[in-house]
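There are 2 protein chains.
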Amino acid sequence: MPGIDKLPIEETFEDSPQTRSLLGVFEEDAAAISKYSQQLFQAMHRIYDAQNELSAATHLTSKLLKEYEKQRFPLCCDDEVMSSTLQQFAKVIDELSSCHAVLSTQLADAMMFPITQFKERDLKEILTLKEVFQIASDDHDMAVNRYSRLSKRRDNEKVKGEVMEDVYTSRKKQHQTMMHYFTALNTLQYKKKMSLLEPLLGYMQAQVHQPMTSSTCPTLTPAWFLSTATSHARPATSTLASKK
Amino acid sequence: MPGIDKLPIEETFEDSPQTRSLLGVFEEDAAAISKYSQQLFQAMHRIYDAQNELSAATHLTSKLLKEYEKQRFPLCCDDEVMSSTLQQFAKVIDELSSCHAVLSTQLADAMMFPITQFKERDLKEILTLKEVFQIASDDHDMAVNRYSRLSKRRDNEKVKGEVMEDVYTSRKKQHQTMMHYFTALNTLQYKKKMSLLEPLLGYMQAQVHQPMTSSTCPTLTPAWFLSTATSHARPATSTLASKK
């Protein structure tokens, strides 16, 4: 991919002020990405929660309609018609409810999964590595400090050797964590666009393939309304016809 | 409408135990209807709230995408492409958001309005009239009691006249409120089916005429995805072609 900024990993050994200032820019960028994607995550989570709630509420409604028959209404004249009508309605609303449930699942898989992964894995990794790098940096600074004080006091060879060993280990550690940290920040630059676009595409594709259209929810069409109206109107018409 | 049970208003004057026991049955039925429609109201309110939340969350998402340009990312290589892509996405999600908003409005008008009216007007009226009738009944019982004690003690004509006047007024009042109460209970019998069916029809019609289908949301179709993919792929192809 051309045009993507990279932190030069080969510079981690020298650890110059220039490298540090470049690191600062990348850290700022990572923080901005993190903030923006956090906002997007929250908005998407609201969509997802609302879709789940819609699915649950629709299911509850159809359940209530099915329970109409079991209600004890002391006055229940021609409740047969009412019951069968509500059963038909319940069937339609049931279908809508499963359409909503399918949409919820699609949103979970195609929208929530990628953005949660990005947030919980990639962005969290950078925060962790930042801390680890900070600790390694502090350790190294401490070791170097001790070494510089040591040379003035001219201690014995054994202590000198220990302190030098300490500087070596801590610098090695700092170099390693810095390389890891740089790699993670570079990876973020490669991933950032896809990580924002993927959940959005997932959301939109779930909407496009939304099963709530007439092709997959065959019952709920204007034609269904007509047929229901006709089937209920027919007895009345035949009564009229027989009267003639 | 044939087959609908009615409380005989002409019996309110006599106020026999039979009438009272029939009233009890109607009151029980009204309580059952009230309970059932309260449950339905709650389920529908959940649907409505979820739909509103979905609309708001979708709007927020599209707003966030539009704000991408204004974000300060220190590293912003070829952000032009990203910005324009997100603008396109924002446009689609904006459309979806207004579709959701239209659906919310439809649910408010065709589902929430009738069921709220039924709950707040018809069912509440019955509760109020029940109380008023209870008070008038108690007043009447008190007046009759006083009258019965009066005849034993043989008071003077003036007091007797007052008490009889009291019995007359309270019986008239009781008769009137009982007629009102009976009328309200009879009206409920006529209204109950329509009041349950109307909001359900409103809900289903809002779903059928849901503007989220491709005819009214022209942007979000599989074809749109293809065209977006093509328009982004084309520059690459032309670059290849020019290289040949």
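Going down the list, the sequences are from chains P and W.
Per this note's numbering, the first sequence runs over residues 861 to 1104.
Per this note's numbering, the second sequence runs over residues 861 to 1104.
Built from N, CA and C at the ideal position, the CB exists for glycine as well.
| Asked | Found |
| --- | --- |
| Does the beta carbon of F993 (chain P) come closer than 9 Å to any beta carbon on chain W? | no |
| Taking C-beta to C-beta, are S1162 (chain W) and D982 (chain W) nearer than 9 Å? | Lying outside 861 to 1104, the shown extent of chain W, residue 1162 (chain W) is not represented and no answer is given. |
| Tell me where the alpha helix (DSSP H) around D954 (chain W) begins and ends. | D939 to L967 |
| Note down, in chain order, every chain W residue with its Cβ under 8 Å from the Cβ of T918 (chain P). | I907 |
| Looking only at C-alpha atoms, which of P:D865, P:V1068 and P:A892 sits nearest to L967 (chain P)? | P:V1068 |
| Going by DSSP, what residue range makes up the alpha helix (DSSP H) through A970 (chain W)? | Premise fails: A970 (chain W) is in no alpha helix (DSSP H) and is neither H nor E. |
| Using a C-beta cutoff of 9 Å, does E1058 (chain W) count as contacting chain P? | no |
| Under the three-state reduction of DSSP, which class applies to L935 (chain W): helix, strand or coil? | coil |
| Using only the alpha-carbon positions, how far apart do R1009 (chain W) and K979 (chain W) sit? | 44 Å |
| Within 10 angstroms of its Cβ, does G1021 (chain W) collect 16 or more other Cβ (buried), or is it exposed? | exposed |
| State the Cα-Cα distance for the pair M1064 (chain W) and G1062 (chain P), rounded to the nearest angstrom. | 27 Å |
| Does the CB of Q966 (chain P) have a neighbour CB from chain W at under 9 Å? | no |
| From what residue to what residue does the alpha helix (DSSP H) around I893 (chain W) run? | P877 to K926 |
| Could you give the distance in angstroms between the alpha-carbon of L1060 (chain P) and the alpha-carbon of E913 (chain W)? | 18 Å |
| Given this structure, state the Cα-to-Cα distance separating T1073 (chain P) from S922 (chain P), to the nearest angstrom. | Residue placement at T1073 (chain P) cannot be trusted, given a pLDDT of 48 that sits under 50; what the coordinates show is reported in the next sentence. For T1073 (chain P) and S922 (chain P), the distance between alpha carbons rounds to 19 Å. |
| Hey, could you find the ends of the alpha helix (DSSP H) R1031 (chain W) is sitting in? | E1017 to V1068 |
| Would you report the Cα separation of Q1034 (chain W) and D889 (chain W), rounded to the nearest angstrom? | 22 Å |
| Do you know how far the Cα of T1029 (chain W) is from the Cα of T918 (chain P)? | 53 Å |
| Relative to the alpha-carbon of F973 (chain P), which residue among P:Q948, P:Y908 and P:E870 has its alpha-carbon at the smallest distance? | P:Y908 |
| How long is the line joining the alpha carbons of S1075 (chain W) and T965 (chain W), rounded to whole angstroms? | Below a pLDDT of 50, predicted positions are generally treated as unreliable, and S1075 (chain W), at 42, falls in that range; the measurement from the model is reported next regardless. Straight-line Cα distance between these residues: approximately 19 Å. |
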